[in-house]
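**Student:** So the numbering used here is basically just the index in the sequence shown, starting at one, shifted up by 229.
The following block contains the structure, expressed as structure tokens.
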Amino acid sequence: MAVRSIRRRFGRTVLTVAAVALAAALLTSLLIAVSSARSRVFDAVSKGGPLTGIQVFPDTPDFGQIDSDAAKLGRPRPIDDAARRRIAALPGVKSVVALISSSVYIVAPPPPQLKRPSRRNIAQVEPFRGILSGVDMRRVGELPITLLAGHLPMPGSLHEIAVTDSYLRAVGLKGTDAKSVLGSEVEFGAPRLFSVDGQSTVRGRWTRSTVVAVVAAQGTSGELIGSLSQVQAARAWTAASDVAGDPEAQRFADQLGGGSKYSALFVVTNGFDSVGSTRAAITKIGFSSSAPESLIASVRRYSQVVEIVLTAIGLIALGIAALGIANAMLAAVRERRREIGVLKAIGARDRDVRRVFLVEAGLLGIAGGVVGTGFGYVLARIVGLAVNNYLRGQGLAGVHIGFPVTIVAAGIFGSGLLALVAGTVPAQRAARLPARRAMGDG
């Protein structure tokens with residue numbers, strides 16, 4: 230009976246379903262957008278990951294507050310395997326990734342727009358000083374390194390390299406030019422000091438590698454990122470510098486190679502709540518550290534406010550649609566008084582009449598929910614593509630929009646439930662309508 234009534238009033242049904250669909254589409258698209266942003270950032274915060282990481286350095290700004298042998302001797306404490314194990318054993322630490330780096334001289338190929346550099350623009354490809362950072366490529370997922378173009382170097386590779394956005398700026402390129410450097414060859418040389426007739430001279434150990442990736446790296450510094458083997462070879466060459474009896478040369482060699490086995494450690498905690506206590510424990514051991522805890526806390530607060538506001542807008546739209554359903558059902562009750570009277574005359578009870586109108590309202594709500602949720606998902610995908618194109622143009626990682634089963638199911642069944650609530654008053658009025666009055670008004 231409900232389906233037959235919906236078919237008879239096709240125009241009104243289409244308008245009612247359209248109102249519910251638009252409201253459901255608005256709410257669904259907003260919730261998918263908020264959910265995608267939250268999964269991109271805050272899932273890592275709550276479960277432990279790069280955003281809950283702490284970068285640990287071998288030096289510290291204040292030795293007076295630190296309980297360590299290096300502090301008592303008045304010098305920075307180097308990061309070695311013992312320090313790495315001690316930090317890994319702290320409560321709240323999920324994993325520790327070692328980072329090493331070496332100062333190198335970089336010879337970049339001509340930018341893509343300079344296929345044949347002339348004497349006038351050859352200065353744009355002159356060698357420059359930079360940093361070669363090494364990480365275990367098998368553990369890149371634990372670091373805040375985002376792949377912008379290409380693929381990461383293979384673990385242990387000596388002939389593949391990834392460049393950062395700092396490299397792009399150094400060669401005069403923008404984030405939009407990331408793909409253009411893939412496949413180019415970069416030469417970098419690790420410096421080494423030699424003493425010849427009492428004079429110090431610098432020689433380089435040159436390596437040529439192919440650029441296979443462009444990344445945005447917050448956990449590492451420098452222009453180049455390679456395998457641990459590449460950086461270890463460069464550091465070993467620099468560490469063998471001949472600086473005997475030359476204090477200035479010794480300081481220069483320390484700046485090039487560093488006196489610590491590891492340049493830094495990236496400590497991944499179990500979650501955002503563990504960052505503060507873990508940083509305090511690391512400081513007590515004798516190392517300085519940095520973490521985006523204050524920034525993440527602020528973003529979380531603002532994100533919750535934005536989520537509440539956007540959800541409220543969608544709910545208001547659904548409320549307006551519910552009023553439309555109620556109005557359409559009240560009109561249907563007025564038009565169908567004779568039908569209601571006939572039903573009661575042949576023995577239909579009040580709850581039977583009420584059930585007919587509630588089923589009709591529920592069908593309208595579910596139909597609108599299905600159409601609106603599907604449209605909202607498509608709309609969210611279209612907006613996501615536009616946002617990702619913009620982010621990639623800025624050299625940033627895009628946002629993945631998956632198929633949120635929970636949101637889709639909630640949009641469909643929520644629309645049906647809201648329609649049932651909106652149809653309660655009209656259904657109750659129809660159920661209480663006396664059969665004699667209904668037949669008389671017909």
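Cβ coordinates follow ideal geometry from the N, Cα and C atoms, glycine included.
Please report the straight-line C-alpha distance between Val599 and Thr635, rounded to a whole angstrom.
**Tutor:** The count along the sequence shown starts at 1 and reaches residue 599 at position 370. The count along the sequence shown starts at 1 and reaches residue 635 at position 406. Each residue's alpha carbon lies about 14 Å from the other.
**Student:** Could you check the C-alpha separation between Gly379 and Ala442 for me, to the nearest Å?
**Tutor:** Locating residue 379 in the sequence shown gives position 150, where the first residue counts as 1. Locating residue 442 in the sequence shown gives position 213, where the first residue counts as 1. Roughly 4 Å separates the two Cα atoms.
**Student:** What do you reckon, are the CB atoms on Ala419 and Ala462 nearer than 9 Å?
**Tutor:** Position 190 of the sequence shown, counted from the first residue, corresponds to residue 419. Position 233 of the sequence shown, counted from the first residue, corresponds to residue 462. For Ala419 and Ala462, yes; Cβs fall inside 9 Å.
**Student:** For Ala596, collect the residues of the same chain with a Cβ closer than 6 Å to its Cβ; drop the 5 residues on either side in sequence, then sort them by chain order.
**Tutor:** Position 367 of the sequence shown holds residue 596. Same-chain partners within the cutoff: Val246.
**Student:** Use the C-beta contact count for Thr183: other C-beta atoms within 10 angstroms, 16 or more gives buried, fewer gives exposed.
**Tutor:** Here the chain covers residues 230 to 671 and nothing more, so residue 183 does not appear.
**Student:** For the candidate residues Gly591, Thr393, Leu494 and Val535, whose alpha-carbon lies nearest to that of Gly643?
**Tutor:** On the sequence shown, position 414 is the one that residue 643 refers to. Checked all of Gly591, Thr393, Leu494 and Val535; the closest Cα to Gly643 is Gly591.
**Student:** Excluding the five sequence neighbours on either side, which residues of its own chain have a C-beta within less than 6 Å of the C-beta of Arg238, listed in chain order?
**Tutor:** Here residue 238 refers to the residue found at position 9 when the sequence shown is read from its first residue. Closer than 6 Å at the Cβ level, and outside the excluded window around Arg238, lies no residue.
**Student:** For Ala254, I'd like the list of residues in its chain whose CB is within less than 6 Å of its CB, leaving aside the five on either flank, ordered along the chain.
**Tutor:** Residue numbering aside, residue 254 sits at position 25 when the sequence shown is read from its first letter. For Ala254, where only same-chain residues beyond five positions count, the Cβ hits under 6 Å are Gly601, Phe604 and Gly605.
**Student:** Report the rounded CA-to-CA distance for Leu372 versus Ile283, giving the unit in angstroms.
**Tutor:** Locating residue 372 in the sequence shown gives position 143, where the first residue counts as 1. Locating residue 283 in the sequence shown gives position 54, where the first residue counts as 1. Taking the straight line from one Cα to the other gives about 10 Å.
**Student:** DSSP three-state call for Glu564: helix, strand or coil?
**Tutor:** Taking the first residue of the sequence shown as 1, we reach residue 564 at position 335. In this structure, Glu564 counts as helix in the three-state DSSP scheme.
**Student:** Check this for me: beta carbons of Ile335 and Val285, under 9 Å apart or not?
**Tutor:** Position 106 of the sequence shown, counted from the first residue, corresponds to residue 335. Position 56 of the sequence shown, counted from the first residue, corresponds to residue 285. For Ile335 and Val285, no; Cβs fall outside 9 Å.
**Student:** For Ser258, which residues from the same chain have a beta carbon less than 6 Å from its beta carbon, with the 5 sequence-adjacent residues on both sides left out?
**Tutor:** Numbered from its first residue, the sequence shown carries residue 258 at position 29. The residues are Gly605, Leu608 and Ala609.
**Student:** How is Pro655 classed by DSSP in three states: helix, strand or coil?
**Tutor:** Taking the sequence shown and counting its residues from 1, the one referred to as residue 655 is at position 426. Note: Pro655 maps to helix in three-state DSSP.
**Student:** Among all the DSSP beta bridges, which residues are the ones paired with Gly379?
**Tutor:** Taking the sequence shown and counting its residues from 1, one reaches residue 379 at position 150. Beta-bridge pairing links Gly379 to Ala442.
**Student:** By alpha-carbon positions, which one of Leu547, Val585 and Thr498 ends up nearest to Gly321?
**Tutor:** Here the question's residue 321 lines up with position 92 in the sequence shown. Nearest C-alpha to Gly321: Thr498.
**Student:** Mind checking whether Gln672 and Ser429 have CB atoms under 9 Å apart?
**Tutor:** The structure shown does not extend to residue 672, since the chain is modelled only from 230 to 671, so the question has no answer here.
**Student:** If you count every other CB in all the chains shown that lies within 10 Å of the CB of Leu614, and 16 or more means buried, which is it?
**Tutor:** Taking the sequence shown and counting its residues from 1, the one referred to as residue 614 is at position 385. Its Cβ having fewer than 16 others within 10 Å, Leu614 is exposed.
**Student:** Put Val232 into one of helix, strand or coil per three-state DSSP.
**Tutor:** Taking the first residue of the sequence shown as position 1, residue 232 is located at position 3. Note: Val232 maps to helix in three-state DSSP.
**Student:** DSSP has Trp435 in a bridge; who is on the other side?
**Tutor:** In the sequence shown, residue 435 corresponds to position 206, counting from 1. Paired residues: Gly418.
**Student:** Need the endpoints of the alpha helix (DSSP H) that Tyr396 sits in, please.
**Tutor:** By one-based count along the sequence shown, residue 396 stands at place 167. It spans Asp394 to Ala399 - the alpha helix (DSSP H) in which Tyr396 sits, taken as one unbroken run.
**Student:** Can you tell me which of the three DSSP states Leu587 falls into?
**Tutor:** Numbered from its first residue, the sequence shown carries residue 587 at position 358. In this structure, Leu587 counts as helix in the three-state DSSP scheme.
**Student:** Spatial neighbours of Phe357 within its chain, please: CB distance less than 7 Å, with the 5 preceding and 5 following residues excluded, ordered by chain position.
**Tutor:** Taking the first residue of the sequence shown as 1, we reach residue 357 at position 128. Correct list, in chain order: Ile335 and Ala399.
**Student:** For Phe423 and Arg434, what's the separation of their Cα atoms in angstroms?
**Tutor:** The residue you call residue 423 lines up with position 194 of the sequence shown. The residue you call residue 434 lines up with position 205 of the sequence shown. The straight-line gap from Cα to Cα measures roughly 13 Å.
**Student:** Which class does Gly363 belong to by DSSP, given the choice of helix, strand or coil?
**Tutor:** Indexing the sequence shown from 1 puts residue 363 at position 134. Three-state DSSP puts Gly363 in a strand.
**Student:** Quick check on DSSP: helix, strand or coil for Ala391?
**Tutor:** Your numbering for residue 391 matches position 162 in the sequence shown. Reduced to three states, the DSSP call for Ala391 is strand.
**Student:** For my contact list, Ala468 and Asp394 are in at a C-beta cut-off of 8 Å; report their separation, rounded to the angstrom.
**Tutor:** Counting from 1 along the sequence shown, the entry for residue 468 is found at position 239. Counting from 1 along the sequence shown, the entry for residue 394 is found at position 165. Wrong, their Cβ atoms sit about 29 Å apart, outside the cutoff.
**Student:** Could you tell me the alpha carbon to alpha carbon distance between Arg368 and Thr653, rounded to whole angstroms?
**Tutor:** Position 139 of the sequence shown holds residue 368. Position 424 of the sequence shown holds residue 653. Looking at the two C-alpha atoms, the distance is approximately 57 Å.
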